[in-house]
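Peer 1: Protein chains in written order, with full-length UniProt numbering: chain A, 1 to 127; chain B, 1 to 127.
Below you'll find the structure I mean.
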DNA sequence: AATATTGTACTATTGTAGTATTACAATATA
DNA sequence: TATATTGTAATACTACAATAGTACAATATT
């Protein structure tokens with residue numbers, strides 16, 4: 001289970017911080033498929049926010065096929081790899097990159113600039 | 001001069017659409033250094049928005065050292081290459097890429113995924 | 001100097017995001 | 001079947017972003 005934490009000074013909405021922490025928890029292996037998350041009320045009390053704030057986070061992750069909610073029993077980590085087809089994943093990657101390119105080009109950067117920079121960031125990370 | 005167009009359905013604020021079109025105009029060479037932009041009133045009438053909306057766009061671009069405004073005479077494309085140092089440009093590129101990485105990783109994509117995709121997009125563009 | 005033209009500043013209005021309050025509906029469990 | 005536990009829905013409050021209305025200040029032009 002994750003040790004959830006909210007930072008009111010982060011400038012990021014609470015519900016989005018919750019989303020990010022769950023996503024990161026999955027990516028890092030701290031959260032396993034099938035594992036139950038805290039109940040909306042439980043996490044709301046723990047984080048001292050309203051239960052709707054937690055609910056909003058869970059709901060958005062359910063739309064993204066990352067969580068499964070079962071009324072009466074709770075919310076669980078879904079097996080998103082089974083639900084998101086490789087094609088859907090590829091399309092998501094494509095749309096993210098296209099959006100990125102649009103923003104970058106408005107600053108005058110080329111695709112090559114971006115690739116170069118990403119390479120450098122990758123290298124400096126593994127020092 | 002650019003043929004400005006606003007899309008109310010874009011989900012992007014008017015002033016930001018104006019900003020993007022000017023930036024893209026510069027990047028694509030349609031706007032030259034020293035060239036005068038429409039007056040805030042002129043463009044406001046043309047786009048059927050309030051003059052403050054145009055003013056806001058110009059002001060933000062002036063902060064970014066992309067435009068120069070001269071009260072009484074108008075707003076002009078500045079020689080941003082002289083004003084933005086290579087170091088600043090590099091930092092901008094870096095911050096854009098880091099932000100991009102954060103978003104992408106929340107979807108489970110790695111830096112390598114992104115680089116690969118960008119390469120493919122670059123290749124398919126030059127067909 | 002007078003006037004027109006330019007950008008600026010202040011204020012009000014509208015819409016939306018984020019969060020909370022409260023009541024409800026579905027399911028599990030005793 | 002009764003009750004507790006779970007997520008859901010409707011509503012409202014607050015803050016802020018976006019835009020507009022209006023008046024102002026600086027500069028150019030005559």
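Glycine included, C-beta positions come from ideal geometry on N, C-alpha and C.
How about the region 19-36 of chain B and the region 103-110 of chain A: do they share at least three Cβ pairs that are nearer than 8 Å?
Peer 2: yes
Peer 1: Taking the alpha carbon of residue 39 of chain B as the point to measure from, which residue in B/8, B/71, B/32 has its own alpha carbon closest?
Peer 2: Translated into positions along the second chain, residue 39 of chain B becomes position 39. The shortest Cα separation from residue 39 of chain B among B/8, B/71, B/32 belongs to B/71.
Peer 1: Please list, in chain order, the chain B residues whose beta carbon lies closer than 7 Å to that of residue 92 of chain A.
Peer 2: Taking the first chain and counting its residues from 1, one reaches residue 92 of chain A at position 92. Residues of chain B passing the Cβ test: 107.
Peer 1: Just the chain B side, please: which residues come within less than 7 Å of residue 100 of chain A by C-beta, in chain order?
Peer 2: Residue numbering aside, residue 100 of chain A sits at position 100 when the first chain is read from its first letter. Those are 100, listed as they occur along chain B.
Peer 1: Report the residue from A/92, A/122, A/117, A/69 whose alpha carbon sits nearest the alpha carbon of residue 35 of chain A.
Peer 2: Locating residue 35 of chain A in the first chain gives position 35, where the first residue counts as 1. That would be A/69, whose Cα lies nearest to the Cα of residue 35 of chain A.
Peer 1: Please compile the residues from chain B whose C-beta is within a distance smaller than 9 Å of the C-beta of residue 36 of chain A.
Peer 2: Here the question's residue 36 of chain A lines up with position 36 in the first chain. The contacting residues do not exist; residue 36 of chain A stays about 21 Å from chain B at best.
Peer 1: What would DSSP say about residue 71 of chain A, mapped onto helix, strand or coil?
Peer 2: Locating residue 71 of chain A in the first chain gives position 71, counting from the first residue. Three-state DSSP puts residue 71 of chain A in coil, outside helix and strand.
Peer 1: In the DSSP assignment, the alpha helix (DSSP H) including residue 24 of chain A goes from what residue to what residue?
Peer 2: Taking the first chain and counting its residues from 1, the one referred to as residue 24 of chain A is at position 24. Taken as a continuous stretch (DSSP letters only), the alpha helix (DSSP H) holding residue 24 of chain A covers 14-28.
Peer 1: I'd like to know whether the C-beta of residue 122 of chain A is nearer than 8 Å to at least one C-beta of chain B.
Peer 2: Locating residue 122 of chain A in the first chain gives position 122, where the first residue counts as 1. Output row for residue 122 of chain A: interface = yes.
Peer 1: Rounded to the nearest angstrom, what separates residue 93 of chain A and residue 119 of chain B at their Cα positions?
Peer 2: For the purposes of this step, residue 93 of chain A is taken as residue 93 along the first chain, with counting starting at 1. For the purposes of this step, residue 119 of chain B is taken as residue 119 along the second chain, with counting starting at 1. Rounded to whole angstroms, residue 93 of chain A to residue 119 of chain B spans 13 Å at the Cα level.
Peer 1: Between A/97, A/109, A/85, A/43, which has its C-alpha nearest residue 86 of chain B's C-alpha?
Peer 2: Here residue 86 of chain B is taken as the residue at index 86 of the second chain, counted from 1. When each option's Cα is compared against that of residue 86 of chain B, the closest is A/109.
Peer 1: Tell whether a beta-carbon distance below 8 Å holds between residue 33 of chain B and residue 43 of chain B.
Peer 2: One-based indexing of the second chain puts residue 33 of chain B at position 33. One-based indexing of the second chain puts residue 43 of chain B at position 43. No, they are not a contact pair.
Peer 1: Which residues in the same chain as residue 12 of chain B place their Cβ atom closer than 8 Å to its Cβ, once the five residues preceding and following it in sequence are excluded?
Peer 2: As a working mapping, residue 12 of chain B is identified with position 12 in the second chain. Answer for residue 12 of chain B: 20, listed in chain order.
Peer 1: Check whether the Cβ of residue 111 of chain A lies closer than 8 Å to any Cβ atom in chain B.
Peer 2: Position 111 of the first chain, counting from 1, holds the residue named residue 111 of chain A. Judged by the 8 Å Cβ criterion, residue 111 of chain A is in contact with chain B.
Peer 1: With 16 as the cutoff for other CB atoms within 10 Å, does residue 63 of chain A come out buried or exposed?
Peer 2: As a first step, residue 63 of chain A is located in the first chain; it is residue number 63 there, counting from the start. Exposed, since its Cβ has fewer than 16 Cβ neighbours within 10 Å.
Peer 1: Take residue 51 of chain A and list the residues in its own chain whose beta-carbon comes closer than 6 Å to its own, dropping the five residues that flank it on each side.
Peer 2: In the first chain, the residue the question calls residue 51 of chain A occupies position 51. Cβ neighbours of residue 51 of chain A beyond the five flanking positions: 40, 41, 44.
Peer 1: Give a yes or no on whether the C-beta atoms belonging to residue 48 of chain B and residue 15 of chain B are separated by under 8 Å.
Peer 2: In the second chain, counting from the first residue as 1, residue 48 of chain B sits at position 48. In the second chain, counting from the first residue as 1, residue 15 of chain B sits at position 15. No; because the gap between Cβ atoms is not below 8 Å, this pair is not in contact.
Peer 1: So, is residue 112 of chain B buried or exposed, given that buried needs 16 or more other C-beta atoms within 10 angstroms?
Peer 2: For the purposes of this step, residue 112 of chain B is identified with residue 112 of the second chain, where counting begins at 1. Looking at its Cβ environment, which holds fewer than 16 other Cβ atoms inside 10 Å, residue 112 of chain B is exposed.
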